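In what follows, a structure is listed as structure tokens, so that the remarks can point back to it.
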Amino acid sequence: MPREPRRAIALSSPIQAGDGLAFRFGPFTCTPNGLTVENWHAVEWSDWEGLGQVLAVCDRGLAFVVGDWINGGEAKFNEQAAQIISAENWSEATCRVYRWLAAKIAPDIRRMDRLTLKHHLAVAGLPPHQQQRWLTQAAADDEDAPWPVSRMVVAIAGGADPQPSSWHLLVLCRDADDQAALQKTLEL
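Quick note: the sequence shown uses the working numbering, first residue 17, plus one each step.
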């Protein structure tokens, strides 16, 4: 199933806020310490929804965005980029992982729309055609939920998707509410 393209949403250039750099999106100001709004009563639905879309992209794609940003900056600006990254108090270990992951998995193969960073870490050492195969399978576009990372790791190790094992458990519950709670816990 093809992924729907998202429309681009414009953010302001970074601005100086009381606690450091921030950016504006419509009536919202996003800072390292949270979100501020001058007048919630004046907020339009489209502004609120748009910011939610921006935040979802940031949340899902941050590792790859940062990795691509570092790799691109280092390719263009060399040592100057490394100084900026250090000056911004980025964790060296985090930057190393994000940089490596972004270099290993091409943007057109990435599946952060349905998968987690751990899924991508599991395939990063594989050749690109295998990365795409496993990420596509694990995304399970025709199913309600993607594969858990553990299923993907087992599938990669075995060369094929393992057959789900079944377990049978007999539990005596006090009532239907206890049964529903137990079932939900076991499904997780």
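We put the CB at the ideal spot given by N, CA and C, even for glycine.
All of these numbers come straight from a predicted model, not from anything done at the bench.
Restricting attention to alpha helix (DSSP H) runs no shorter than 4 residues, the stretch 92–132 encloses them at 95–103 and 108–120, ordered along the chain. A straight line joining the alpha-carbon of N49 with that of R149 spans about 40 Å. DSSP places R40 within a strand segment (E or B) once states are collapsed to three. Here DSSP, grouped into helix, strand and coil, assigns V187 to coil. V53 carries a strand assignment under DSSP once its states are collapsed to helix, strand and coil. Between the stretch 115–128 and the stretch 76–83 there are three or more C-beta pairs closer than 8 Å, enough to call the two in contact. Under the 10 Å beta carbon count, W61 is surrounded by fewer than 16 other beta carbons and is classified as exposed. Remark: C-beta atoms of N87 and R112 do not approach each other more closely than 7 Å. The continuous alpha helix (DSSP H) containing E203 extends over residues A192 to E203.
Contact between the stretch 116–123 and the stretch 131–148 is present: three or more C-beta pairs spanning the two stretches fall below 8 Å. Residue pairing by DSSP places C74 in no beta bridge whatsoever.
7 Å or more divides the Cβ of M168 from the Cβ of A156. Our two residues, D158 and T152, have alpha carbons roughly 11 Å apart in a direct line.
T45 has R40 and T52 as its beta-bridge partners, per DSSP.
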